[in-house]
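Count along the sequence shown starting at 1, add 48, and that's the number in this note's numbering.
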Amino acid sequence: MARTAFVVNDALREKVRYLAGLGVRQDDLARIIGCAPKTLRKRFRDELDRGVAEANATISGSLFGAAKGGNVTAQIFWLKTRAHWRERMVADDPVPNADAEPNSEVVLVLPDNSRDPELTQVLQDAQEKYFDRRRQRQRLPASGT
């Protein structure tokens with residue numbers, strides 16, 4: 049006896065796009081809608097790709113908003129992953145991590161790309177605040193002596 053044909057409709061397309069955007073694995077998604085994973089990839093390729101792209105855009109927007117709002121962790125993550133910024137050793141240090149002290153300075157190079165002056169200012173302010181706090185902590189006398 050022949051298999052019944054898998055019928056694709058707009059409701060299934062929307063469901064696949066939505067679930068793909070939530071990060072549901074393709075094998076699980078195929079099980080949910082009642083087809084083989086290979087059929088899912090063949091018949092719903094656009095919906096799978098679109099769902100993931102829309103989810104990434106939503107999360108990226110939230111991360112960007114958090115970074116602009118002053119969340120330093122979000123700013124650092126964004127710059128390291130999206131702007132390819134990285135931490136570099138100070139030029140005076142000939143060998144990275146050679147006899148590094150626990151409180152040694154790490155310089156985060158923040159080039160100004162002139163694309164978003166507001167974000168650049170937020171980053172500069174956050175960096176200033178960070179280094180001010182570090183300087184204050186280093187000035188405090190050790191307690192417990």
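C-beta: ideal position from N, C-alpha, C; glycine also. Quantities reported herein were computed from a predicted structural model and do not represent experimental measurements.
Practice task
Could you check if E95 is buried or exposed, using at least 16 other CB atoms within 10 Å of its CB as the buried criterion?
Solution key: Here residue 95 is taken as the residue at index 47 of the sequence shown, counted from 1. Under this definition E95 is a buried residue.
Exercise for the section: Report back the beta-carbon spacing between G99 and R65 to the nearest angstrom; my notes put them in contact at under 8 angstroms. Expected result: Here residue 99 is taken as the residue at index 51 of the sequence shown, counted from 1. Here residue 65 is taken as the residue at index 17 of the sequence shown, counted from 1. Yes, they are in contact, since the Cβ atoms of G99 and R65 sit about 4 angstroms apart, within 8 angstroms.
Exercise for the section: Please name the residue in A50, T168, R51, W133 whose C-alpha comes closest to that of A115. Expected result: One-based indexing of the sequence shown puts residue 115 at position 67. Among A50, T168, R51, W133, the Cα nearest to that of A115 belongs to T168.
Practice task
Put R136 into one of helix, strand or coil per three-state DSSP.
Solution key: Within the sequence shown, numbered from 1, the residue matching residue 136 stands at position 88. Correct three-state label for R136: strand.
Handout entry: Between the CA atoms of R91 and I124 - distance to the nearest angstrom
Key = The count along the sequence shown starts at 1 and reaches residue 124 at position 76. The count along the sequence shown starts at 1 and reaches residue 91 at position 43. Distance between the alpha carbons of I124 and R91: 40 angstroms.
Exercise for the section: Compare the C-alpha of R163 against each of L70, R187, A131 and name the closest. Expected result: In the sequence shown, counting from the first residue as 1, residue 163 sits at position 115. Closest option to R163, Cα to Cα, is A131.
Practice task
Starting from T106, trace the alpha helix (DSSP H) both ways and give me its first and last residue.
Solution key: If you number the sequence shown from 1, residue 106 lands on position 58. Run containing T106: 93-116, per the alpha helix (DSSP H) assignment.
Handout entry: Supposed contact pair Q74 and R32 - C-beta distance, whole angstroms, cut 8 angstroms
Key = The question about residue 32 has no answer, for the chain in this structure spans 49 to 193.
Handout entry: CA-to-CA distance, A59 to R51, given in whole angstroms
Key = Here residue 51 refers to the residue found at position 3 of the sequence shown. Here residue 59 refers to the residue found at position 11 of the sequence shown. Between R51 and A59, the alpha-carbon positions lie close to 22 angstroms from each other.
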